[in-house]
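Structure record follows, encoded as structure tokens.
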Amino acid sequence: MIMFLIRKILWATATLAVASVLVFATLEIIPGDPAQVMLGINATDEAIAALRQDLGLNKPVLERYFSWIFGMLQGDFGNSYTYSVPVNELVADRITISLPLALLSLLLSTVIAIPLGLYSASRRGSLADTSIMALSQVGIAIPNFWLALLLVYFLAIWLQLVPAGGFPGWDAGFVVALKSLLLPTISLALPQAAILSRITRSALLETLGEDYIRTARAKGLSTGATIWKHGMRNAMIPVLTILGLQFAYLLAGTIIIENVFYLPGLGRLVFQAISLRDLIVVESVVMMLVATIIVINLIVDLAYLWVDPRLRHRSA
Amino acid sequence: MLDIDGLNLSIGDTPILKDINLSIEPGQILGIVGESGSGKSMTALSAMQLLPEGSKTSGSVHFNQHQLLDADDTLMQDLRGDDIAMIFQEPMTALNPVHTIGDQIAEGIMLHDRAERRDAMARTIGLMERVGLPVSRFPLTRYPHELSGGQRQRVMIAMACAQHPELLIADEPTTALDVTLQAQILQLLRSLVEEQNMGLILISHDLAVVAEMTDQLVVMRNGEIVDQGPTGSILRAKKHAYTAQLAEASSHIPERSQPPVLSELATEAGLAPLICGRQLIRDYPTKRSNLFTPAKPFRAVDGVDVTVYPGQTMGLVGESGCGKSTLARMLLALDPPTSGSIRFNDLELTTATVDELQAARRNIQVVFQDPFSSFNPRHKVERLVAEPLYLEPGLSVAEKQNRVVAALEEVGLQASALSKYPHQFSGGQRQRLAIARALITRPALIIADEPVSALDVSIRAQVLDLLTELRERLGLAYIFISHDLSVVKALCDEVLVMDTGRIVEHGNASDIFDNPQSAAAKMLVEATPDLERALQNRPSGSR
Amino acid sequence: MTGFFQTAMRNRSFATGFVITAMVVLMAAVSFLWTPYDVTDLDISAKLKAPGWSHWFGTDHFGRDIFSMIMVGARNSIAVALVAVIIGVGIGVPVGCWASARGGLLDEALMRGNDVIFAFPALLSAVMITAIFGPGAINAIIAIGIFNIPVFARLARGAALSLWPRDFIMAARAAGKNKTRITIEHIVPNMANLLIVQATIAFALGIIQEAGLAYVGLGTQPPLPSWGKMLNEAQTMMSFAPHMAIIPGLAIVITVVGLNLLGDGLRDVLDPRLVRKRD
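Chains as they are written, first to last, in the numbering used here: chain A, 1 to 316; chain B, 1 to 543; chain C, 1 to 279.
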């Protein structure tokens, strides 16, 4: 089990290292001079030379890569070119929107999807099951930004229940801030909930076909108790995998959703940085998101250990 | 106690059971035998009311004073695991992998007796001891994957007997186990029946097993009971044609017209061996257990010598995991030995070039155990059987087809089979196809890995006859791998007994069976159920 | 093949999915020859018309006919998603098969490479790629396609690994066939069902992703219309021309539902376990 943990942590670190090379290399192979790209076509030669100096572009590639990495390890992400502030300040500011948004969406989609999926599986073939599955079929197909547009139209413009966009800041009061995150959360969560409920349903159905379910019934357990005690935990294994993937998807999804709702989060930051060609910000934020996802995958792996005792002994 | 009267069952529109009548008393062991599809498992499941969805039943199933057909769930849940318990065939999948064995055994006790967890666990310890899993070596916190198949089946038995059920149903409880484990499990079941005075319904495809175990016997075929009564008299009298046929098939010995090919005589006559493995060793890497010690490889085959002469049938027996299949793969040149040499005719296989190997492969072919997985389901027979002709490049399409038709005829199939897919054949026919595929390059040696153990007894007898007939007609040599001694005895000239990667005994087939020397061979011979012996051992004059 | 199609059409999911997908494809095909209006025609006098007789789906803020734009947009959605799937299958399947056939370090390395790609959320990286190399349909295809590769590689590897120990593969090896040949003759045909189902799912996802990229302005460039870009343009008109947002969105949803139903139906029809039950 310890071996399993060590291996997983080593792999996560290795993945992170490779990912950092990829991110670095992507920006490295931009056609043309990054300083030129960042400043645009009308820049003067002096400005470009100054920026090159600033960015350390005159140093060898390896040196720049390692100073970037070591900087990040010490929490120094460099300075944003357009905002002229340290990137970590920018990020610290924005993450208070993006992280709650992604976590709330994950929570909402889980709370909706898992009970629905389990209910559907236990009432397989019933009217409720068919309706839930038909609904989820449509849910999967809805792009979250379109759902966002519809929600804005019906709830914000028509009924004026919630703000259509913008974020007053957490200082404006918890409830007020939460209210402006409501529609973004729903638009991110519902399509994910549709996927998750289908996965939950099929995982449980698969489990219910196993021999040990028959053993449990032969022991005298009722249908409900059988599902609860013997079906659920086994069915959670594929659901966990999907939850991990969904968190990654939700983080990425914030990029678009924050644009729909004019939320000043990480996604919008990346976006603005891209259009302003502030590559240092892009590089750093992408790297941070990737690191988050790798850590989440590590947590999912640990959750497997908890759910499935077979894994605990694989290399112990 | 249990009384099934005029039971009919259909699933969808397919009738499964027709007019089943049987009953069992406390302390009695009732056997139900039949080949696959005979409805024996369904009969048992109807007593548990655990039939598949869409089942329609009529007639009656009485347990004590309860009518079980269409009984409501509450009643059945009270009875199941408390008064009627069941053991299933596949111990590997019948236990929940994510719960400890202690929890799984205690669950039923807590459910039916409303016992506290602590009391239930205390009783579980007693049960574990009873089924031969002392908690000092098998703590209750173990998970199923930490136990072997035999140990898991013991856990299943502990679980089933936890509430001292009046009736225990065991559906092929030992089919997935080695013969020595089978003997132990059957012994355990028999002693539990005596101790607790429960009724036991033992479902099996193996006449020898039921002859050893049961008082009453029911013979089923195609969903109907064809013969029933006291076990001894049924199996001795064999009044019913089907019973007689089953009995004959299960102890079938193919007739042979030529004397056995014995190594001693072959050496004297100066015959060169066909294939000869020397000091074969095969290691498999294992995962290292910690960072600092290198992983110790697992030695599957440990210094094995094997020699087969032309036309000889060599049996290779041993328990599962003893290394016989690994040895077979090495002899087939599919898996390179870690060390040792294999000479086929004059070619050293371990160092042969690809071209030399291709030529040798023409002479060594293979037949596998499972007739369902040995064919690519997407190809037609013509292509499937012709596959080894890849080793004879340059054949025209017509030549290939002629060869396929000839091979099919050798195994008793028609040319009309050419354009069919494998799923259109029965298990026995597929095994014939597999043999045809092996024959098509006219090999000198066929390695058969458990070729009949997945087949019903009557089909098994036919395939054994076919293999014998082909040997005599085509002068084939076989290496015949099996865990079933009765089959090896029926077919082989000589036998190698394997145990934990080593050959522990080698001799003439009849000598080994009549007078085994090594501990492993003795255990195998003793544990192998034998119909004749079982009938002789039944107290004469009793049922 | 006709026999297969007839059996398949008895499956409700397949039939519905097939009809929807066929309609979308037909619409896209017809758009090459004919659309009710020219999508590059700006007619300010007819701008922001609600759906009606002359313009079935209404017009946008430049007076362009939305129905015509949906037709041409379908072409674009299908092309991008389809090529992205082809990239995924074309690279992912060989890589997965190769990894499973060779095993050992190569396998480990390829699969870890997959994990690295998986760590980049597809959308984020697509945004990055298109941002750096410039927006446009080709870059959108590459961005989406790259993330199809690990999906198919993993699927192919898993399926191949479960096939390699099968007896019929052993028999083919005993017949002297090498791994490449066995992969082509036995492994790939037996995973075809899985691949087809996954391909329809990836196709559906590709349509949503393409729309997402186009919505943030990184997909197909003007003057060609695309569903995602139509939604982007609709956003500011939401309060007085909701049809501009509702119709392209519905087009996406219907197409994706159709493809998903087709995938579900295919899975049921092609499931080898069901085939075994039938005989």
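Built from N, CA and C at the ideal position, the CB exists for glycine as well.
Who are the Cβ neighbours of I44 of chain C in its own chain at under 8 angstroms, not counting the five residues just before and after it? Result list for I44 of chain C: F62, G63, in chain order.
Proximal residues of chain A, C-beta to C-beta of G73 of chain C below 7 angstroms: Listed along chain A, no residue sits closer than 7 angstroms to G73 of chain C by beta-carbon distance, the nearest being about 14 angstroms off.
Contacts that A175 of chain C makes with chain B (C-beta to C-beta distance below 9 angstroms): Correct list: R361, Q365, E387, P388, L389, Y390, L391, R437, T441.
Near A360 of chain B, which residues of its chain fall below 6 angstroms by C-beta distance, leaving aside the five closest residues on each side in sequence? F344, L347, listed in sequence order.
May I have the straight-line CA-CA distance separating M72 of chain A from A14 of chain A, to the nearest angstrom? About 16 angstroms.
Chain-ordered neighbours of S38 of chain B on chain C, where CB pairs are closer than 7 angstroms: Result: empty, since nearest Cβ-Cβ is about 19 angstroms, beyond 7 angstroms.
Does the Cβ-Cβ distance between A189 of chain A and L118 of chain A come in under 8 angstroms? Cβ atoms of A189 of chain A and L118 of chain A: not closer than 8 angstroms.
Spell out whether any CB of chain A is found under 8 angstroms from the CB atom of I132 of chain C. Under the 8 angstroms criterion on CB atoms, I132 of chain C is classed as interfacial with respect to chain A.
To the nearest angstrom, report how far apart S204 of chain B and L189 of chain B are at their CA atoms. When rounded, the distance between both Cα atoms is 14 angstroms.
Kindly identify the DSSP beta-bridge partner or partners of V61 of chain B. Paired residues: B:I4.
Against chain B, with Cβ distances strictly below 8 angstroms, would R276 of chain C count as a contact? Annotation note: pLDDT 36 at R276 of chain C (below 50); position unreliable, no value reported.
Using the beta-carbon of each residue, which ones in chain A are nearer than 9 angstroms to L111 of chain B? Per Cβ cutoff of 9 angstroms: K219, G220, L221, A225.
Going by the beta-carbon positions, is the gap between P184 of chain A and L263 of chain A smaller than 8 angstroms? Yes, the pair counts as a contact, with Cβ atoms nearer than the cut-off.
Within 8 angstroms of any Cβ in chain A, is that where the Cβ of Y37 of chain C sits? Not an interface residue.
CA nearest to the CA of P163 of chain A, picked from A:V260, A:T130, A:Q137: Nearest C-alpha to P163 of chain A: A:V260.
Can you list the residues of chain A that G145 of chain C reaches, using a CB-CB cut of under 8 angstroms? G145 of chain C does not reach chain A, its nearest Cβ partner there being about 16 angstroms away, counting only Cβ pairs nearer than 8 angstroms.
Following the continuous beta strand (DSSP E) through N21 of chain B, name the residue where it begins and the one where it ends. For N21 of chain B, the uninterrupted beta strand (DSSP E) segment begins and ends at 14-24.
Report yes if the C-beta distance between L50 of chain B and R214 of chain A is below 8 angstroms; otherwise report no. Going by beta carbons, L50 of chain B and R214 of chain A fall inside the 8 angstroms limit.
According to DSSP, which residues form a beta bridge with A302 of chain B? One detail in the question is off: residue 302 of chain B reads as Asp in this sequence, not Ala. Bridge partners of D302 of chain B according to DSSP: B:I281.
If I follow the unbroken alpha helix (DSSP H) through H506 of chain B, where does it start and stop? For H506 of chain B, no alpha helix (DSSP H) segment is defined; the enclosing uninterrupted segment is the beta strand (DSSP E) at 502-508.
To the nearest angstrom, how far is the alpha carbon of G232 of chain B from that of L177 of chain B? As the crow flies, the alpha-carbon of G232 of chain B is around 26 angstroms from that of L177 of chain B.
I'd like the list of long-range same chain contacts for S315 of chain A, defined as Cβ closer than 6 angstroms, with 5 residues on each side in sequence excluded. In this prediction, S315 of chain A has a pLDDT of 42, which is less than 50 and means its spatial position is unreliable; what the coordinates show is noted afterwards. For S315 of chain A, where only same-chain residues beyond five positions count, the Cβ hits under 6 angstroms are M3, F4.
Please report whether the beta-carbon of R378 of chain B lies at a distance below 8 angstroms from any beta-carbon of chain C. Chain C has a Cβ within less than 8 angstroms of the Cβ of R378 of chain B.
Leaving out the 5 sequence neighbours to the left and right, which residues in its chain are closer than 6 angstroms to P272 of chain C when beta-carbon positions are compared? Confidence at P272 of chain C is low in this model, with a pLDDT of 48, below 50, so its placement is unreliable and no value can be given for it.
Can you check whether the CB of A74 of chain C is closer than 8 angstroms to the CB of S31 of chain C? For S31 of chain C and A74 of chain C, yes; Cβs fall inside 8 angstroms.
CB-CB under 7 angstroms to V525 of chain B, same chain, minus the five flanking residues each way: which ones, in chain order? Excluding sequence neighbours, V525 of chain B sits near L485, F513, P516.
Any 3 or more C-beta pairs closer than 8 angstroms across the segment 300-313 of chain B and the segment 521-538 of chain B: Too few Cβ pairs lie closer than 8 angstroms, so no.
Residue closest to L262 of chain B, alpha-carbon to alpha-carbon, out of B:D493, B:R130, B:T338: Comparing Cα positions, the closest option is B:D493.
N178 of chain C - DSSP class collapsed to helix/strand/coil: Coil.
Which two residues bound the contiguous beta strand (DSSP E) that contains I364 of chain B? Run containing I364 of chain B: 364-367, per the beta strand (DSSP E) assignment.
Element boundaries [beta strand (DSSP E), containing G169 of chain A]: Per DSSP, G169 of chain A belongs to no beta strand (DSSP E) and is neither H nor E.
Closest Cβ-Cβ distance between D43 of chain C and chain B: below 8 angstroms? Interface criterion not met: the Cβ of D43 of chain C is under 8 angstroms from no Cβ in chain B.
Between which residues of its own chain and L261 of chain C is the CB-CB distance below 6 angstroms, once the five residues before and five after are set aside? Closer than 6 angstroms at the Cβ level, and outside the excluded window around L261 of chain C, lie S13, T16, G17.
Under 7 angstroms (Cβ pairs) to chain A, residues found in the segment 91-112 of chain B: Against chain A - using a Cβ distance shorter than 7 angstroms - the residues of the segment 91-112 of chain B are T93, A94, L95, N96, P97, V98, E107, G108, L111, H112.
With a cut-off of 8 angstroms, does the C-beta of T215 of chain A fall near any C-beta of chain B? With respect to chain B, the C-beta atom of T215 of chain A has a partner C-beta closer than 8 angstroms.
Mind checking the segment 132-145 of chain A against chain C and listing, in chain order, the residues whose C-beta falls within less than 8 angstroms of any C-beta there? Against chain C - using a Cβ distance shorter than 8 angstroms - the residues of the segment 132-145 of chain A are Q137, V138, I140, A141, I142, P143, F145.
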